[in-house]
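Residue numbers (our numbering), protein chains in the order written: chain A, 187 to 582; chain B, -2 to 373.
To start, the structure under review is shown below, and the notes come after it.
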Amino acid sequence: MTMDLSRLTSSSRRLHLLVNPFAAAAAHSRRPISTDTSPITVETSAPFTAHNCDEPSRSVETTPQELVSFFRDMALMRRMEIAADSLYKGKMIRGFCHLYDGQEAVAVGMEAGITKKDCIITAYRDHCTFLGRGGTLLEVFAELMGRQGGCSKGKGGSMHFYKKESGFYGGHGIVGAQVPLGCGLAFAQKYLKDETVTFALYGDGAANQGQLFEALNISCLWQLPAILVCENNHYGMGTAEWRAAKSPAYYKRGDYAPGLKVDGMDALAVKQACKFAKEYALKNGPIILEMDTYRYHGHSMSDPGSTYRTRDEITGVRQVRDPIERIRKLLLGLDLASEKELKDMEKEVRKEVDEAISQAKESQLPDPSELFTNVYSKGYGVEAYGPDRKEVRSVL
Amino acid sequence: MFSILKQKVLNGGSPVMILGQTVQRIRPAVDAYRGYSSAAKEMTVREALNSALDEEMSADPKVFIMGEEVGEYQGAYKISKGLLEKYGPERVLDTPITEAGFTGIGVGAAYYGLKPVVEFMTFNFSMQAIDHIINSAAKSNYMSAGRISVPIVFRGPNGAAAGVGAQHSQCYAGWYASCPGLKVLTPYSSEDARGLLKAAIRDPDPVIFLENELLYGESFPVSAEVLDSSFCLPIGKAKIEREGKDVTITAFSKMVGLALKAAEILAKDGISAEIINLRSIRPLDRATINASVRKTNRLVTVEEGFPQHGVGAEICTSVIEESFGYLDAPVERIAGADVPMPYAANLERSAVPQIEDIVRAAKRACYRAVPMAAAS
């Protein structure tokens, strides 16, 4: 049974624009667009659907600079993931590699609505989320290739990226585990009175995990500033949502916890929802955001992604709902950038990615002694052993 | 980063300002003194654990306790008695009966920098949360190359109690101690309980703290040093409870008591047994164990848990690897019976090591055995 394509395409038939006079005047004599911070308001292309709360306004405050940064950041993420695909096929990346292309608007929109003091925790499809939190391309590619220059010094791999200093807590391989962990981060934020929130991201596959409901129950009881974000790309590995969830209305699954359904391919809608959710969670406790999004790649690099969905469906989403194309149309429609400027930006981004990959390839594999480092934070000089303990031993 | 918390020390009376790192000299919430004479003071293991929790919570505002019935119920085994009243519901948290959820929340709080003490009502229930213990806690420091440390303590009663049946009697020392990234501690006496729990709470890594329900009510003498609020025992160091020269007997938790009683009996037969209280299963104090075996040339390992792939198996192999030439007899291994724990009192008794089992094994190691019952 194929996906109902009309459901996916209904949200972006037309762009509704509400342009304020100031920006309209500016449009006639376009300033260097990347630095223009004059406020403009744009409508989200689809309404929000709310469960047990009032939905936020569809009018999103933004600036030309922000819109351009959305374009560039998403283009960078897209290019990075596609490059990772090639590196994987070239056997420079091993093991697991779960790519995020198609879902960029969630990472980028979320960053626009929050600060680096807020926390984000996600599962294994984390390369772009890491980049959004301030990670560099070099750290990503070096980690994927298992080199010292990687964000986890080559010891984590694709699923274990972290950036604690800017509130990114990984990068987790066990489906669903990141949700209680995220609620724990929120617990600590409340305990320390930091006035910040945690966004715990999970997929439609993880949405059925029992521990999610255990953590949500406790978070609601203790009024923790936890925002549960279901990145619903409609497939948990190869299982479509309607085959895994009796109720695929994930934004309602919190029952007593309020929820909001968001067009996850619209970076502005994501931004609005995250801003709204942060304010809500600081005052009232948990809220669930369901981001309606889509991944172009299969579940991972070993999944062609076509045994459980049609190629028509994939190209359909790409043609009608692509998040980067949406922002491109917006920028062109508002006359905030020219086609050439945007194409040049994409060329720049491509070059950046290529340079980062060359640099990453220069980075060395970890020193053999790194096998035994970081087992403990404090080792007390205890011995650890290699496969032949008479041959290889070390001190922690 | 966090506001200074003003706490009223209910027992002491005067308000105490708590600042991040300062260690305060605090009287334990539960009065541990029998009297103020110069004779050795006695303290139950329960009082020892309670006072350790109290002092560490007092010294560091980032320490908090979480678990089922730890607050209003005063603790299922009264280990956290009085702490809710003293520290309030923000630091002593009663959870619903959802181990996977609250353990994950505890680990997440540790990621952020708090110092949770998560109680499992018994370690049998930790199996519901074992993914968070192993994958979220134990491995994070390694996977993140040191960026995400996890200063958390998982504590609670472990092993057999009395008549609680198969699902409530398992010993988890072997399982947890096999996992790199975890520290596994097994206190026996009140001194162990205080010193090791304080060390565990101060430790920046995930610690599995295996207590024993039947030891909670047992009293032990404690010196003034042990009662001091800065008292701490080193992690990874065993204690020689009784020196001897003929056979080394290793034990942990409740079995230490049985081994000490076995040593008394052996002494009457002219066998001088050296009893090692392991205190730490991971890291295992191989140096102390091997030094002892090199002295006595004979080894008996004692544990309550299942024998296969257990603590005794690891100790035996370690000694063979490091001190083979010193062994004068095969290593003897005393462990729980290789069956789920039965309920009937006689079957339960024969499923758990008894003093006579330890004595018999030590005599075998000394070539002073009596013929086996089954063989004759």
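Note that the Cβ used here is the ideal one computed from N, Cα and C, for glycine as well.
Please read these numbers as outputs of a predicted model, since none were measured by experiment.
Under the three-state reduction of DSSP, K432 (chain A) is assigned to coil, being neither helix nor strand. Assigned with DSSP and collapsed to three states, Y84 (chain B) falls in helix. Straight across, the Cα-Cα distance linking Q305 (chain B) with E329 (chain A) is about 39 Å.
Along the length of the region 281 to 307 of chain B, whole alpha helix (DSSP H) runs at least 4 residues long occupy 283 to 293, reported in chain order. Taking the CA atoms as reference points, A546 (chain A) sits about 7 Å from R333 (chain A). Under the three-pair Cβ rule at 8 Å, the region 128 to 146 of chain B counts as touching the region 352 to 363 of chain A. Close to V290 (chain B), with beta-carbon spacing below 8 Å, lies no residue of chain A; the smallest spacing is near 17 Å. Assigned with DSSP and collapsed to three states, S563 (chain A) falls in coil, not helix or strand. Taking all protein chains shown into account, K78 (chain B) has 16 or more neighbouring C-beta atoms within 10 Å of its C-beta and is therefore buried. Rounded to the nearest angstrom, the gap between the Cα atoms of E351 (chain A) and T322 (chain A) is 14 Å. Contacts between I279 (chain A) and chain B, judged by CB atoms closer than 9 Å, are missing: the closest CB pair is about 17 Å apart. Inclusion of L275 (chain B) and D266 (chain B) in the CB contact set at 9 Å is not warranted, their separation being larger than that value.
Neighbours of D189 (chain B) across chain A, judged by C-beta separation under 8 Å, do not exist; the nearest C-beta is about 17 Å away.
Scanning its chain for C-beta atoms nearer than 6 Å, with the 5 sequence neighbours on each side dropped, one finds around E427 (chain A) the residues D390, H420 and P434, in chain order. In the structure shown, the three-state DSSP call for I279 (chain A) is coil. If you draw a 10 Å sphere on the C-beta of K515 (chain A), you find fewer than 16 other C-beta atoms in it, and that means exposed. Straight-line spacing of the CA atoms in V219 (chain B) and S344 (chain A) works out to 51 Å.
Contact between M531 (chain A) and R258 (chain A) holds, since their C-beta atoms are separated by about 6 Å, short of 8 Å. Under the Cβ distance rule, H306 (chain B) does not count among the residues neighbouring chain A, no pair being separated by less than 9 Å. The beta carbon of P337 (chain B) sits closer than 6 Å to the beta carbons of A163 from its chain, once the five residues preceding and following it are set aside; these are given in chain order. Note: L414 (chain A) is bridge-paired with A:A386 and A:I474 in the DSSP secondary-structure output. Take the alpha-carbon of E66 (chain B) and the one of F316 (chain A): they are about 39 Å apart.
Interface with chain B (9 Å Cβ-Cβ cutoff): H485 (chain A) is excluded.
Annotation for E240 (chain B): E271 place their beta carbon closer than 7 Å to its own, counting only its chain and skipping 5 residues before and after.
Taking 9 Å as the CB threshold, N287 (chain B) stays off the interface with chain A. For a cut-off of 8 Å, the C-beta gap from F347 (chain A) to S338 (chain A) is around 7 Å, short enough to register as a contact.
Proximity of chain A to L230 (chain B) at the Cβ level (cut-off 9 Å) is not reached, the minimal Cβ distance being about 12 Å. The region 488 to 502 of chain A and the region 217 to 237 of chain A do not touch, with fewer than three beta-carbon pairs separated by less than 8 Å. Under the 9 Å criterion on CB atoms, Y109 (chain B) is classed as interfacial with respect to chain A. Linking T100 (chain B) to A326 (chain B) through their CA atoms gives a straight-line distance of about 45 Å. Rounded to whole angstroms, the gap between the alpha carbons of I510 (chain A) and G68 (chain B) is 52 Å.
Taking all protein chains in view, the Cβ of R311 (chain A) is crowded by 16 or more other Cβ atoms within 10 Å, so the residue is classified as buried. In terms of CA proximity to E261 (chain B), B:I355 leads the group B:A235, B:I355 and B:S146. With fewer than 16 other Cβ atoms from the protein chains shown falling within 10 Å of its own Cβ, Y571 (chain A) counts as exposed. The Cβ of H237 (chain A) sits no closer than 9 Å to any Cβ of chain B.
In the displayed model, G101 (chain B) falls within a helix according to three-state DSSP.
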